[in-house]
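Colleague:
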Amino acid sequence: MIRVHQDIEHAIRIGALKRGEEAALKQLFDHYSDAVYHVAYSVLKDPFESEEIVQDVFIKVWNARSELDESGNIWTFIYVIAKRLSLNRLRDLQVQLKRRTALAQTAIEQSGSYDQGTLIHEILDLENAVLEKLPEQQRRAYLLSRQEGLNHKEIAQQMNIAPNTVKNHIVQALKTFRKHFQRFGYPLLLLFLLG
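Just so it is clear: in the sequence shown, position 132 is 133 by our numbering, and no numbers are missing.
1) Taking DSSP as the reference, what is the three-state secondary structure of residue 43?
2) Can you check whether the CB of residue 55 is closer than 8 Å to the CB of residue 37?
3) Can the beta-carbon of residue 82 be found closer than 8 Å to that of residue 99?
4) Tell me whether the beta-carbon of residue 125 lies closer than 8 Å to the beta-carbon of residue 48.
5) Could you check what DSSP says for residue 16 in three-state terms: helix, strand or coil?
6) For residue 136, which three-state DSSP category applies?
7) Quick check: the Cα distance between residue 199 and residue 94, rounded to an integer number of angstroms?
8) Within 10 Å of its beta-carbon, does residue 3 have 16 or more other beta-carbons around it, so buried, or fewer, so exposed?
9) Do residue 15 and residue 75 have their C-beta atoms within less than 8 Å of each other?
10) Answer yes or no: do residue 172 and residue 156 have a C-beta to C-beta separation smaller than 8 Å?
11) By the DSSP assignment, the alpha helix (DSSP H) with residue 281 in it spans what residues?
12) Apart from the five residues just before and just after residue 24, which ones in its own chain have a Cβ nearer than 8 Å to its Cβ?
13) With a Cβ-Cβ cutoff of 8 Å, do residue 59 and residue 30 count as a contact?
14) How would you label residue 87, buried or exposed, when you count the other beta carbons within 10 angstroms and need 16 or more for buried?
15) Cβ of residue 67 within 8 Å of Cβ of residue 19?
16) Give me the Cα-Cα distance between residue 181 and residue 128, rounded to the nearest whole angstrom.
If you want it as structure tokens, here you go:
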């Protein structure tokens, strides 16, 4: 009897989602987002990237809502999307890391008169100078993410703000870093290779 009731609730929820009711998506998100995070984290081992995957998965679910089967298993559908997106992101990150490593090596080689220690010291000094220029909330969100390794939810709880606000603070901080690093002729990625 309980199983029949759950199946009916599931069909109603999927039907609402197919009709474009955002409340149904929110219910799915509330119910499955932690599980999706764990799927992504098991592949990526990175809290920031895993949070991004969670958002991407539910955007894909929303965009594919008309294709959902009311009698099908929604978790299987969500799991497959999460796994596929995580594996794709891992592949992309590996490609980016190879590029970053090559660029960093080129930057170090082109520095010529600098030894590697001097270059690293300059970059870290520049990072500190940029950090001092950031607004307090951006600086705090950036440091909690990059130095403490916290995900958006954890940062949001510590700072008592919404996770999307955390994301915006970090994006703005990275834009500031990019602008300053480019002005001094360093690729921004050097900062992240050192961090």
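Positions of the beta carbon are idealized from the N, C-alpha and C atoms, including for glycine.
Modeller: Concretely, from the data shown:
1) Residue 43 falls in the helix class under three-state DSSP.
2) Going by C-beta atoms, residue 37 is nearer than 8 Å to residue 55.
3) Contact flag unset, no.
4) Not a contact, by the Cβ cut-off of 8 Å.
5) It is helical.
6) In the three-state DSSP reduction, residue 136 falls in the coil class, being neither helix nor strand.
7) As shown, the chain starts at 2 and ends at 196. That puts residue 199 outside it, with no answer to give.
8) Bear in mind that the predicted position of residue 3 carries a pLDDT of just 49, short of 50, making it unreliable; the figure below should be weighed with that in mind. Of the residues assessed, residue 3 falls on the exposed side of the cut-off, its CB having fewer than 16 other CB atoms within 10 angstroms.
9) At the C-beta level, residue 15 and residue 75 come within 8 Å of one another.
10) Going by C-beta atoms, residue 172 is not nearer than 8 Å to residue 156.
11) With the chain covering only 2 through 196, there is no way to say anything about residue 281.
12) Here residue 24 has 17 as same chain residues with Cβ atoms under 8 Å from its own Cβ, once five neighbours each way along the sequence are excluded.
13) A contact, by the Cβ cut-off of 8 Å.
14) Classified as buried, residue 87 has 16 or more neighbouring CB atoms from the shown chains inside 10 Å of its CB.
15) In contact: residue 67 and residue 19 (Cβ atoms closer than 8 Å).
16) CA-to-CA, the gap between residue 181 and residue 128 works out to about 9 Å.
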